[in-house]
Amino acid sequence: MAIPRFRTEDGTSYCSNCDSPVDGVAVNCPSCGKAFDEERDASHCPSCGAPNLIGSISCMKCGKMMKPQRVEPSQPAETSPKEEEPPKPAEPDAEDEPEEEAPEGKPEQSDMKEAERRRQSLWELSEPFEKVIRSRRKRLAKINALLERARERLAVVEESGSGADSEERAELEEQITEVLEEKEEIVRTEEGIAEMERIYRNLLALQETELEKKQEALKVRLQSFEEEIEKRDNERNSLRSRETELKSKEMALQAKIREMEQRELALANQERELKDKLRALRKEELDMMKKKFMGESTVPTQKGWPGKEGGVEANVVVDGQASAELIEKEKELNLKITELEGELEKVTGEREKLKEVNQSLAGNTRDVKKILKILDGLLEKLPDEEIKRFADSEDFRLYEKILEFYEL
13 MAIPRFRTED GTSYCSNCDS PVDGVAVNCP SCGKAFDEER DASHCPSCGA PNLIGSISCM
73 KCGKMMKPQR VEPSQPAETS PKEEEPPKPA EPDAEDEPEE EAPEGKPEQS DMKEAERRRQ
133 SLWELSEPFE KVIRSRRKRL AKINALLERA RERLAVVEES GSGADSEERA ELEEQITEVL
193 EEKEEIVRTE EGIAEMERIY RNLLALQETE LEKKQEALKV RLQSFEEEIE KRDNERNSLR
253 SRETELKSKE MALQAKIREM EQRELALANQ ERELKDKLRA LRKEELDMMK KKFMGESTVP
313 TQKGWPGKEG GVEANVVVDG QASAELIEKE KELNLKITEL EGELEKVTGE REKLKEVNQS
373 LAGNTRDVKK ILKILDGLLE KLPDEEIKRF ADSEDFRLYE KILEFYEL
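In this note's numbering, the protein residues as written are 13 to 420.
Structure representation (structure tokens):
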């Protein structure tokens, strides 16, 4: 597809596709290889220096507004005093027009309205040219009617052949010449205006395409902002649910810790009581063994005591009964000691299990601290409004208590 070759005020030619400088008589662009079909006047953008067609509203490269230049017709004609000057379209001031920059925040509805307003104002620029063309066509119809009447009158004068009508004939010929010149000027003016209208139509179509692209870009950005907001809302809801879950787990963990502490205290008291009982039983066993030993050591070796018959046999019977009772008590004490040792071993095992549970709870406490630090970092990424709302709520007081409990 052929493209035009731009020629600026300084006589330099450029490719309208890639803005590369080319020779003034080049047929193809040496950079992009596009073919040229015509040469068009252009001017440099005051911002980036890229060549743009004369009359462009904005630069095709950087998008900044340009002050449009008036396009003269290819064959300028001298307008007669009777003709009206074509109205000039309003030229936007480049200094008053703000530069278009990419919005950094969320695109607003005012951007859409501004784009629609500019589009409407651009299409209104071509209305004065249409009015001028209509007025010129009316004037051309009147000139044609006047020319026809003058020719008819000239034919009548020439047929009469009277010398008195020679002056009128010369005047008619002069009027016809003036009317023909005016007609030619009107035709040339109409052609120039039509060319200007065509240029403006092309510019308006180009500007409309650019506005549609910007509108689509704004829609895409708006959609991305909405998706980002939805994502942030989901993250915030997830954080709230996770925080609630952690609070419930923490309360259950604290209750379990208190229960374990109470159980450990009860086991310690039970262990102390069992040890006291064990010491008492051992002392009692020691006393019984001592009594048994003392009883056996006091048995007489003589056959009898003076004044008493059968004294030895009586003592043996008494000592035998005492020994049987001591043996029975010793068995009972040994049985109780065995039971107490079993209970003590059981209590010791439960205490070791409690220590393991406490160590596991300590590991869970470290995990909770780690999760709380992660939650604190995620809370900092929330919007300021959400952070302020959370800081003013009762949940924040509970959150502070949790942090104080874990010394964070």
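All residues carry an ideal CB built from backbone N, CA and C; glycine is no exception.
(Q) Taking the alpha carbon of A206 as the reference point, which residue from S172, R146, F48 and P16 has its own alpha carbon closest? (A) Nearest Cα to A206 within the set S172, R146, F48 and P16: R146.
Q. Going by C-alpha distance, which of E353, R275 and M263 is nearest K413?
A. The residue with the shortest Cα to Cα distance from K413 is M263.
Q: Give me the Cα-Cα distance between A47 and V232, rounded to the nearest whole angstrom.
A: Whole-angstrom Cα-Cα distance: 35 Å.
Q: Return the CA-CA distance between L428 and L373, expressed in angstroms with no decimal places.
A: With the chain running from 13 to 420 in the structure shown, residue 428 is simply not present.
Q: Determine contact between the segment 280-298 and the segment 352-360, defined as no fewer than three beta-carbon pairs at a distance below 8 Å.
A: The answer is yes - the segment 352-360 touches the segment 280-298, with three or more Cβ pairs under 8 Å.
Q: Specify, as a first and last residue, the run of the alpha helix (DSSP H) that A403 falls within.
A: Unbroken alpha helix (DSSP H) run through A403: D396 to A403.
**Q.** Opening and closing residue of the beta strand (DSSP E) in which E412 lies
**A.** Where E412 is concerned, there is no enclosing beta strand (DSSP E), although the alpha helix (DSSP H) it sits in stretches over E406 to F417.
(Q) Can you look up E170 in the DSSP assignment and give me helix, strand or coil? (A) Of the three classes helix, strand and coil, the one that applies to E170 here is helix, per DSSP.
**Q.** Straight-line gap, L298 to E351 (C-alpha atoms, nearest Å)
**A.** Roughly 18 Å separates the two Cα atoms.
Q: Tell me whether V34 sits in a helix, a strand or coil according to DSSP, three-state version.
A: Annotated three-state conformation of V34 is strand, per DSSP.
Q. Where do the ends of the beta strand (DSSP E) carrying D49 lie?
A. Segment F48 to H56, the beta strand (DSSP E) holding D49.
(Q) Three or more C-beta pairs under 8 Å: does that hold for the segment 391-411 against the segment 266-279? (A) Pairwise C-beta distances place the segment 391-411 out of contact with the segment 266-279, as fewer than three of them are shorter than 8 Å.
Q: Just mark M301 as buried or exposed, buried being the case when its beta carbon has 16 or more other beta carbons within 10 Å.
A: Around the Cβ of M301, a 10 Å sphere holds fewer than 16 other Cβ atoms; the residue is exposed.
Q: Check N370 in the structure and name its three-state DSSP category.
A: Helix.
Q) Assuming S32 and R17 make a contact with CB atoms under 8 Å, what is their CB distance in whole Å? A) Actually they are not in contact, since the Cβ atoms of S32 and R17 sit about 11 Å apart, beyond 8 Å.
Q.
Does N29 come out as helix, strand or coil in the three-state DSSP assignment?
A. In this structure, N29 counts as coil in the three-state DSSP scheme.
Q | Beta-carbon contacts of E170 that lie in its chain and below 7 Å, excluding the five residues immediately before and after | A | Take E170, set aside five residues on each side of it, and the residues of its chain with a beta-carbon closer than 7 Å to its own are R181, in chain order.
Q: With a 10 Å radius around its C-beta and 16 neighbouring C-beta atoms as the bar for buried, classify P58 as buried or exposed.
A: Burial call: exposed.
Q: Quick one: grab the DSSP three-state call for I69.
A: Coil.
Q | Span of the beta strand (DSSP E), counted from its first residue to its last, around P42 | A | Segment: none, P42 is in no beta strand (DSSP E) and carries neither H nor E.
Q.
Suppose the cutoff is 7 Å on Cβ atoms and the five residues either side in sequence are ignored; what does the same chain contact list for L394 look like?
A. Result list for L394: R248, in chain order.
(Q) On a Cα-Cα basis, can you pick out the residue from E273, S236, C44 and E296 that is closest to N346? (A) When C-alpha distances from N346 are compared across E273, S236, C44 and E296, the shortest belongs to E296.
(Q) Do G67 and L215 count as a contact pair if the criterion is CB distance below 7 Å? (A) Their beta carbons are under 7 Å apart, which means L215 touches G67 by this criterion.
Q) Cα-Cα, which of V199, L384 and R165 is closest to K150? A) Selected option, being the one with the closest Cα: V199.
Q.
Is the beta carbon of S25 closer than 7 Å to that of V34?
A. Yes, the Cβ-Cβ distance between V34 and S25 is below 7 Å.
Q. Is it right to say E194 is buried, meaning 16 or more other beta carbons lie within 10 angstroms of its own, or is it exposed?
A. Counting of Cβ neighbours within 10 angstroms places E194 among the buried residues, the total reaching 16 or more.
Q.
Between which residues of its own chain and C44 is the CB-CB distance below 8 Å, once the five residues before and five after are set aside?
A. Its chain contains C27, N29, C30 and S32 as the residues whose beta carbon lies nearer than 8 Å to that of C44, once the 5 sequence neighbours on both sides are disregarded; these appear in chain order.
(Q) Can you tell me whether S70 is buried or exposed? The criterion is at least 16 other CB atoms within 10 Å of its CB, across all chains shown. (A) Residue environment: S70 is assigned as buried (16 or more neighbouring CB atoms within 10 Å of its CB, all protein chains considered).
Q. If we ignore side chains and look at the alpha-carbon of each, how far apart do V369 and E397 end up?
A. The straight-line gap from Cα to Cα measures roughly 42 Å.
**Q.** Whole runs of the alpha helix (DSSP H) within the segment 226-304, excluding any shorter than 4 residues
**A.** Counting whole runs of 4 or more residues, the segment 226-304 contains no alpha helix (DSSP H) stretch at all.
Q) Taking buried to mean at least 16 other C-beta atoms within 10 Å of its own C-beta, is P42 buried or exposed? A) Using a 10 angstroms sphere on the CB of P42, the tally of other CB atoms stays under 16, which defines it as exposed.
Q. Nearest-angstrom Cα distance between S12 and D245?
A. Given that the chain is displayed from residue 13 to residue 420, the structure contains no residue 12 and the question cannot be resolved.
(Q) For A153 and A14, I'd like the C-alpha separation in whole angstroms. (A) Approximately 39 Å, taken between the alpha carbons.
Q | With 16 other Cβ atoms within 10 Å as the buried cut-off, status of L65 | A | By the neighbour-count rule (16 or more Cβ atoms within 10 Å), L65 is buried.
Q: Give every residue of the same chain whose Cβ lies closer than 6 Å to the Cβ of K73, excluding the five residues on either side of it in the sequence, and list them in chain order.
A: So the qualifying residues of the chain are C60 and A62.
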